[in-house]
Amino acid sequence: MTIDMAQFHQVFFEESFEGLDIMESGLLDMEPGQADSEEINAIFRAAHSIKGGAGTFSFMDVANFTHVMETLLDEMRDGRRQVTAKAIDVLLKSVDVLRHMLTSCQDDEEIDQAAVAVQKAELERILSGSADDAGSAAQQETTVEAEAAPEIKAEERIVAWKIVFNPHDNILRTGNDPYRIIRELSELGDIEVQCDAAQLPEMEDYEVEDFYLSWEIKLNKAVEQQTINDIFDWVEDECDMAIVPITEGGSAAVVDTALPLAETSKPATGTQLQDETAQDEPAAALPAKPQPVAKAAKSGAAKGGGGSIRVDTAKIDSLINMVGELVITQSMLGMLGEGFNMSRVEKLIEGLGQLERHTRELQESVMQIRMLPISFTFSRFPRLVHDLSSKMGKSIELEMIGEDTEVDKTVIEKIGDPLVHLVRNSLDHGIEMPADRAAAGKPETGKIQLIASHKGGNIVIEIRDDGRGLNRDKILEKALEKGVISDAANLSDKQIYELIFEAGFSTADQVSDVSGRGVGMDVVRRNINELGGGIEIESDPGKGSAIIIRLPLTLAILDGQSINVGEETYIVPLVSIIESIQVRADMVNMVAGKGETFKLRDEYLPVIRLHEVFGIKNPKTTNISEGLLVVVEGDGSKCGLFVDDLLGQHQVVIKSLETNYKKVEGASGATILGDGSVALILDIPDLMRLAKKYQPAQFLKSA
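Positions -2 to 700 (our numbering) are the ones given, in order, by the sequence shown.
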């Protein structure tokens, strides 16, 4: 049997990136001068797990770098070093470097040793700093220990530790290295090791993947028990062990050597109070198994576009239950098929109804498995706001609402970059400098809100700020200057705000490394549209602005309207449809600069004849008054799709065209209809761009 190390690598990288998220979140919550032992302990344990795993898989650069971080965290945890803003900042930057190192290891690329060396020097500079860095926390600890010392009897002081380490026989198959544990113990101090090889079998019975040794180890140093526990964290589920204190009197408590790590005894000495403080409180603060993150590990399998997702067992149970119901229904229908006659029609109809219900429930259960909380996307923004607000000299508070709102995994993966761009814009252009805010009668600290909610079958994400709002006149001036529009007489405020989504459009007076280059907002809208969503802007000058994004809950199933053009059937996403109308001939005009248009209330909208765009030779009619116009909206523009007929609304399963065929302009995918035929799903924004090639007059820029 050959061990496939790729799966162990994948688990290591997934858990390491989760650990980095825990570290980053904890560091952002830390306040200078306030040492929260539980918080620091959680960060320390995440770092220690990464170090242990990296050592196991021989990523020694990662292990060595994390060890330096771990040392600084350990000093903070023990109160030997004060928590300073500088230390927090250096640790946050170290998390970034560690993330890059892990990504390089994951992708089999060279680690940027220069960047690692610079950051390692920063960590070591803090570690070797003056007493100011260690601060009053260490002095306070010394005072407390000095006062408590008389109560501790000499014969009860811990001078060493006895450790019984009995690895399970499968420890090698889990990717762990028991010899690494012993090496790490030797780094704490002088050790004496006694190996028990009694379980070694005869050569003919020896299995190379099984482990047969156990050890009794004496550590000749009075370290904290938690320090020893931390070394065994990585293998606590793959071994039986006991940790026993040895006091100055030479005694060691008698314990059951088969105890697992969580049940090891505590020293019954005069230092018990101190030990319980160090042991019990951090244990209560230990995070449960980390929740999944949007970033899936890119192991060999994942590089092909796959990935992993962790699923609540309740969802799996529901899925299994639904499959069971389907099997029962299948069995019932099978029995009906044997010797079927007309007297059993009612039973057949009942069975088909049951099948439809169970299929729908199964579909919902499967879709739930792909749903993840939006918090996996939102989690990156506290760090972004922290770093950029400090860099720009602004005071900004970030509020995140609705982090538990669930959305499809694919949406989670693709919405991150557009949201980053929008938040950076709010930071740079929206929120004013503290002095300007004070002069305007506002609090010096600005506020950005990230809000997620479910509304009408969609997920709505809002980015709101209490900044200066959009400058309508400035946008209009720039649009006229750049030739984006030719006349502004009839434009509403909403239409003017929409101009910022034009390619290359920017009102920034200065280009910064945060924003203002005129690239991005058009890409943001394109990315949102590719997800089947829409984006709009609200602004109140002097009070703030809001970007509102509406996205489908899932990208696998679509609510659509089927339409007929000639012999072809197409699906129009319901989210894009405003209304469907039948027009009279007198409602259609040829307008100079706009081509064929129809008047809908106070607007003249272009007509897209689908039979011309897709080259359909035999439409049922070319007379616009004999067909229907489906009024749709995409990229902030409206138009009417000329079709022969509407066939009905239903949910369709989206199939990728690029995977199964090739990219088709004007279509986002395809679906298989109930009769087995294939229908294209129209991409409205892309269809409008495609129509310009065939009907350019309809899409000339005009007010």
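Ideal Cβ positions, reconstructed from N, Cα and C, are used throughout, including at glycine.
Just how far apart, CA to CA, sit residue i and residue j?
i	j	result
S372	I398	9 Å
E478	K411	34 Å
T326	E347	10 Å
G267	T244	With a pLDDT of 29 at G267, under the threshold of 50, the predicted position of this residue should be treated as unreliable, and no value is reported.
K90	D187	34 Å
A543	K388	23 Å
G302	L626	Caution is warranted here: a pLDDT of 41 is assigned to G302, below 50, making its placement in the model unreliable, and the coordinate value is therefore given only provisionally. When rounded, the distance between both Cα atoms is 40 Å.
N202	Y209	Looking at the sequence provided, one finds Asp at residue 202 rather than Asn. Roughly 12 Å between the two C-alpha positions.
M20	V115	20 Å
Q360	V650	11 Å
K540	G466	6 Å
P198	S46	33 Å
V417	K83	26 Å
L385	R96	19 Å
M125	T407	Here the sequence assigns Ser to residue 125, which means Met is not the residue at that position. Each residue's alpha carbon lies about 46 Å from the other.
E564	S577	20 Å
Taking DSSP's pairing of strands, which residues face residue i in a bridge?
i	result
K652	A667
Q558	V569, Q646
K444	E394
N586	T594
G16	Partner(s): none; G16 has no beta bridge.
Q191	E213
D680	None; D680 has no bridge partner.
G531	R547
I85	None, per the DSSP bridge assignment.
Name the two residues that bound the continuous alpha helix (DSSP H) containing residue i.
i	result
A157	Per DSSP, A157 belongs to no alpha helix (DSSP H); it is in the beta strand (DSSP E), 155 to 164.
A582	Unbroken run through A582: none, as it is neither H nor E.
D183	As written in the sequence, residue 183 is Ser, which differs from the Asp given in the question. Note, S183: alpha helix (DSSP H), 175 to 185.
D672	Neither: D672 is in no alpha helix (DSSP H) and is coded neither H nor E.
S125	From DSSP, S125 is part of no alpha helix (DSSP H); its letter is neither H nor E.
P538	Neither: P538 is in no alpha helix (DSSP H) and is coded neither H nor E.
Using three-state DSSP, classify residue i as helix, strand or coil.
i	result
V205	coil
P29	coil
F595	strand
T100	helix
F611	coil
F56	coil
A543	strand
V232	helix
Y658	coil
K215	strand
R606	strand
E106	coil
P722	A query on residue 722 cannot be resolved here, the shown segment of the chain reaching from -2 to 700 and no further.
K491	helix
A3	helix
K452	strand
A239	strand
E245	coil
E400	coil
When we look at the beta-carbon of residue i and count the other beta-carbons within 10 Å, is it buried (16 or more) or exposed?
i	result
A449	buried
K660	exposed
S653	exposed
S13	buried
H608	buried
R581	exposed
E11	buried
V675	exposed
Q492	exposed
M339	exposed
Y494	buried
M98	buried
M685	buried
S55	exposed
R354	exposed
S183	exposed
H451	exposed
Mind checking whether the beta-carbon of residue i lies closer than 7 Å to any heavy atom of the ligand FMN?
i	result
F41	Absence of the ligand FMN from the depicted structure is noted, as is the absence of any ligand whatsoever, leaving it without description.
Could you tell me the boundaries of the beta strand (DSSP E) in which residue i lies?
i	result
K635	634 to 640
E410	Element bounds for E410: not the beta strand (DSSP E) but the alpha helix (DSSP H), 406 to 422.
L429	Looking at the sequence itself, residue 429 is Glu, so the reference to Leu does not match. Segment: none, E429 is in no beta strand (DSSP E) and carries neither H nor E.
N455	455 to 462
L626	625 to 631
M368	368 to 370
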